[in-house]
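Quick mapping for you: the protein sequence lines, in order, are chains Y and F. Each residue of the first sequence is one higher than the one before, counting from 1 in our numbering. Each residue of the second sequence is one higher than the one before, counting from 1 in our numbering. Positions of the beta carbon are idealized from the N, C-alpha and C atoms, including for glycine.
There are 2 protein chains.
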Amino acid sequence: MSCAIDNKPNNVAFVSVTAMLDLLKQVGTDAFLLGLSAYIEQDYLRWELFDKSPRFASHSADGVIELMPTSDQQQFSFKYVNGHPKNTHIGLQTVTAFGVLADVASGYPVMLSEMTILTALRTAATSAMMAKYLAPQNAKTMAMIGCGAQSEFQIMAFNVVLGITQFRIYDIDRAAMQKCQQNLASEDIELILCDSAEEVVKGAEIITTCTADKRNATILTSDMVLDGVHINAIGGDCPGKTELAADLLLRADVFVEYEPQTRIEGDIQQLNDSFAVTEMYKVIRGDRKGRSYAEQLTIFDGVGFAIEDFSALRYVHDLLQQQSTPQQLELLTNQQNPRDLFGLLHQSVQVTRLAVGA
Amino acid sequence: MSCAIDNKPNNVAFVSVTAMLDLLKQVGTDAFLLGLSAYIEQDYLRWELFDKSPRFASHSADGVIELMPTSDQQQFSFKYVNGHPKNTHIGLQTVTAFGVLADVASGYPVMLSEMTILTALRTAATSAMMAKYLAPQNAKTMAMIGCGAQSEFQIMAFNVVLGITQFRIYDIDRAAMQKCQQNLASEDIELILCDSAEEVVKGAEIITTCTADKRNATILTSDMVLDGVHINAIGGDCPGKTELAADLLLRADVFVEYEPQTRIEGDIQQLNDSFAVTEMYKVIRGDRKGRSYAEQLTIFDGVGFAIEDFSALRYVHDLLQQQSTPQQLELLTNQQNPRDLFGLLHQSVQVTRLAVGA
Chain Y
1 MSCAIDNKPN NVAFVSVTAM LDLLKQVGTD AFLLGLSAYI EQDYLRWELF
51 DKSPRFASHS ADGVIELMPT SDQQQFSFKY VNGHPKNTHI GLQTVTAFGV
101 LADVASGYPV MLSEMTILTA LRTAATSAMM AKYLAPQNAK TMAMIGCGAQ
151 SEFQIMAFNV VLGITQFRIY DIDRAAMQKC QQNLASEDIE LILCDSAEEV
201 VKGAEIITTC TADKRNATIL TSDMVLDGVH INAIGGDCPG KTELAADLLL
251 RADVFVEYEP QTRIEGDIQQ LNDSFAVTEM YKVIRGDRKG RSYAEQLTIF
301 DGVGFAIEDF SALRYVHDLL QQQSTPQQLE LLTNQQNPRD LFGLLHQSVQ
351 VTRLAVGA
Chain F
1 MSCAIDNKPN NVAFVSVTAM LDLLKQVGTD AFLLGLSAYI EQDYLRWELF
51 DKSPRFASHS ADGVIELMPT SDQQQFSFKY VNGHPKNTHI GLQTVTAFGV
101 LADVASGYPV MLSEMTILTA LRTAATSAMM AKYLAPQNAK TMAMIGCGAQ
151 SEFQIMAFNV VLGITQFRIY DIDRAAMQKC QQNLASEDIE LILCDSAEEV
201 VKGAEIITTC TADKRNATIL TSDMVLDGVH INAIGGDCPG KTELAADLLL
251 RADVFVEYEP QTRIEGDIQQ LNDSFAVTEM YKVIRGDRKG RSYAEQLTIF
301 DGVGFAIEDF SALRYVHDLL QQQSTPQQLE LLTNQQNPRD LFGLLHQSVQ
351 VTRLAVGA
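Right, here's the structure in full:
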């Protein structure tokens, strides 16, 4: 492996949107999703090493701006992410994100990356990785309810990580289904467009709910779901936003990322805190069982957790080490004498004076 | 005013270290400090509009990484800043920083800026602005204890904002004093190098303490300070790091930025919470008195507050509007259909295939 990153501490590696798309193209989306899900799995195995802070949220009339920090004591990361449901009315995205990876020993940031695309990838990679422990063995069909920005990423991840080949999709907006179909036309999967939520779940061993409605909606009721199914519920991810009927949750074994956060943001916000849930790191480590019998109804109540962003930034940073010319940002000063910060101004002015005098 | 910023929402203005030095050169350090102190003063006048959150801190064996967010409901800002005292041993700086300014209405970041230099400028501009309300009228002499990275910035700010022309400086490391002298050689000020803290304070109407020792040190004892002096105490800025003797604080009227933070981080951490202090926004608004009589001993116990970083980013962003070619970062996606994020990958792959085929 060639290590061509410029290690001058005044430079910070930069992954722009174009660079992220190039990296995806270079690695291949399938391989990227596989690699990323392995990194997330590795970091869940190291669960107790991480600082698990609540995310910082700045709320306003139109949305929220959040900072999501975490650290494994070697590296520190944070993600900036907004959520503005009305943005689409003015041609902007509901969610944009970027993130920073830093070195804990020196406190210096080492990489700044776009995370709008990366978050979509990490959310899908997380869902698929969790499903390895929760979905029925040899599942072949997934139902996808909601064909928004996240849908194709979910389909790709379940295809590559779990080997799902048939996808039944449904969205109240037919144009969204067609967008999904068009985007996945060249993939080696079977895509079936359905006309209702009742129809889409038929015969599916896995059901993914990923709708954008910002209220307590009921996308899935208990009577729609047979025993033995795994539900990957990722659309209910903030206070006041849920997708599953309470009695469906009560029937199932529910698995979460980080319980204190999911109690507030997940579908289980509808239930009393006495309803028991299992944190996935325990399952991944083998301390608790995931799916343990064929008729078990499992639900992954995913809300997105800072460790997954950390894994994603760590993965991209490791991939960058293999690149010959990653872009660099001159974000930090690098003066000879650390105590002589002012000298930088002086130097700069002097140079100009000389230039003017010449 | 020409407004040449590229407003495409996928781009974020970027102020590198070189761009910050160029901006300073273009505006002039004096004018920059004056403008910045006016912005900070304006924002203190709007105090109640701001979200005042405690800073987020990730502590490790060698230092701390902090995120300092705030918002006036129109703009949101945060600063990333580290503090690693041992960094100088490996040729790195103790403190580096960068910050982001964002639009609250859309949640989109609009500017990313280096803040290692900008923090030094804002700290000095804040001290000088506060001293307008607290220092003796027509003061001419300031004593500066500690000639580290912040010292020249303090001297420049007190010169330009308050008209101080004579500076008595002292550092236990003579090389630091010489660095300061050399850096300020071309300025129209009188600089007097002193051999002790006792000597440096003689005849000074203002005393600035800015030492780096990370412990409860006693740089100034009560017997060294006459009545009528203003002390600008900025080195005691985190738990376990103080500069002033407790009896000196008890003799004085103490002014702070944000009381809950200063109780933990400032020199007053040595005192009981019942010791009354005055928040500066009340003084700046005219609700409370700053200096009210000639013999009054005043202390500004400065620790650095998120609003000052917000002001600094707002100031730099306004200056950028007057530039013809600010640098841009491609940090955000900008697809036609906000719900079609995956289409970006598709497009990118297609473009390449065409290119390869051509």
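Nearest candidate by alpha-carbon position, reference residue i, set the options
i, options, result
"residue 219(Y)", "227(Y), 228(Y), 234(Y)", "234(Y)"
"residue 73(F)", "190(F), 102(F), 58(F), 185(F)", "102(F)"
"residue 301(Y)", "289(Y), 279(Y), 295(Y), 288(Y)", "279(Y)"
"residue 374(F)", "173(F), 193(F), 172(F)", "The question about residue 374(F) has no answer, for chain F in this structure spans 1 to 358."
"residue 396(Y)", "173(Y), 232(Y), 322(Y), 246(Y)", "Outside the displayed range of chain Y (1 to 358) lies residue 396(Y), so it cannot be described from this structure."
"residue 334(F)", "186(Y), 90(Y), 39(Y)", "90(Y)"
"residue 341(Y)", "27(F), 121(F), 51(F), 39(F)", "121(F)"
"residue 129(F)", "344(F), 256(F), 221(F)", "256(F)"
"residue 94(F)", "104(F), 54(F), 150(F)", "150(F)"
"residue 253(Y)", "345(Y), 240(Y), 232(Y), 299(Y)", "299(Y)"
"residue 270(F)", "295(F), 237(F), 225(F), 169(F)", "237(F)"
"residue 346(Y)", "167(F), 183(F), 201(F)", "183(F)"
"residue 51(F)", "51(Y), 65(Y), 106(Y), 316(Y)", "65(Y)"
"residue 12(F)", "43(F), 54(F), 100(F)", "100(F)"
"residue 198(Y)", "215(Y), 165(Y), 172(Y), 63(Y)", "172(Y)"
Three-state secondary structure assigned by DSSP to residue i
i, result
"residue 129(F)", "helix"
"residue 115(Y)", "coil"
"residue 159(Y)", "helix"
"residue 30(F)", "helix"
"residue 180(Y)", "helix"
"residue 349(F)", "At residue 349(F), the pLDDT of 45 sits below 50, so the modelled position is not reliable and the matter cannot be decided from this model."
"residue 206(Y)", "strand"
"residue 306(Y)", "helix"
"residue 78(Y)", "strand"
"residue 93(Y)", "coil"
"residue 211(Y)", "coil"
"residue 218(Y)", "strand"
"residue 342(Y)", "coil"
"residue 316(Y)", "helix"
"residue 168(Y)", "strand"
"residue 103(F)", "strand"
"residue 40(F)", "helix"
"residue 69(F)", "strand"
"residue 109(F)", "strand"
"residue 240(F)", "coil"
"residue 140(Y)", "coil"
"residue 278(F)", "strand"
Cut-off 7 Å between Cβ atoms - residues of its own chain near residue i, not counting five sequence neighbours on either side
i, result
"residue 285(F)", "45"
"residue 288(F)", "278, 282"
"residue 154(F)", "124, 127, 144, 208, 210"
"residue 47(Y)", "281"
"residue 259(Y)", "277, 279"
"residue 274(Y)", "none"
"residue 248(F)", "220, 221, 222, 225"
Proximal residues to residue i (C-beta, below 8 Å), its chain only, five neighbours per side dropped
i, result
"residue 353(Y)", "A caution first: residue 353(Y) carries a pLDDT of 33, below 50, which makes its placement in the model unreliable, though a value can still be read off. Once the five neighbours on either side are set aside, residue 353(Y) has no close Cβ partner at all."
"residue 205(F)", "135, 136, 139, 140, 141, 142, 228, 229, 230"
"residue 14(F)", "111, 112, 113, 326, 327, 328, 329"
"residue 315(F)", "35, 36, 39"
"residue 88(F)", "94"
"residue 179(F)", "147"
Beta-carbon contacts of residue i that lie in its chain and below 6 Å, excluding the five residues immediately before and after
i, result
"residue 4(F)", "At residue 4(F) the pLDDT is 33, less than 50, meaning the model places this residue with poor confidence and gives no usable figure here."
"residue 176(F)", "147"
"residue 306(Y)", "68, 70"
"residue 119(Y)", "97"
"residue 310(F)", "70, 77"
"residue 290(Y)", "133, 134, 283"
Practice prompt. Pull out every residue of the region 80-94 of chain Y whose Cβ sits closer than 8 Å to any Cβ of chain F, in chain order.
Written response: 80, 82, 83, 84, 87, 88, 90, 91, 92, 93, 94
Worksheet entry | chain Y contacts from the region 279-313 of chain F (Cβ-Cβ distance under 8 Å) | none
Worksheet item: Mind listing which residues of the region 333-348 of chain F have their C-beta closer than 9 Å to chain Y's C-betas, in chain order?
Response: 333, 334, 335, 336, 337, 338, 339, 340, 341, 342, 343, 344, 345, 346, 347, 348
Discussion item. With a threshold of 8 Å, are at least 3 pairs of Cβ atoms found where one atom belongs to the region 149-167 of chain F and the other to the region 314-333 of chain Y?
Written reply: no
Fill in: Members of the region 169-202 of chain F that neighbour chain Y once the beta carbon cut-off is set at 7 Å
176, 179, 183
Item to complete: Quick one: which residues of the region 141-158 of chain F get their C-beta closer than 7 Å to a C-beta of chain Y? List them in chain order.
Response: 148, 149, 152, 153
Discussion item. Any contact between the region 18-25 of chain F and the region 183-202 of chain F? By contact I mean 3 or more CB pairs, one from each, below 8 Å.
Written reply: no
Fill in: chain F contacts made by the region 106-119 of chain Y, where a contact means CB separation under 7 Å
106, 107, 108, 109, 114, 116, 117
Fill in: Members of the region 311-330 of chain Y that neighbour chain F once the beta carbon cut-off is set at 8 Å
329, 330
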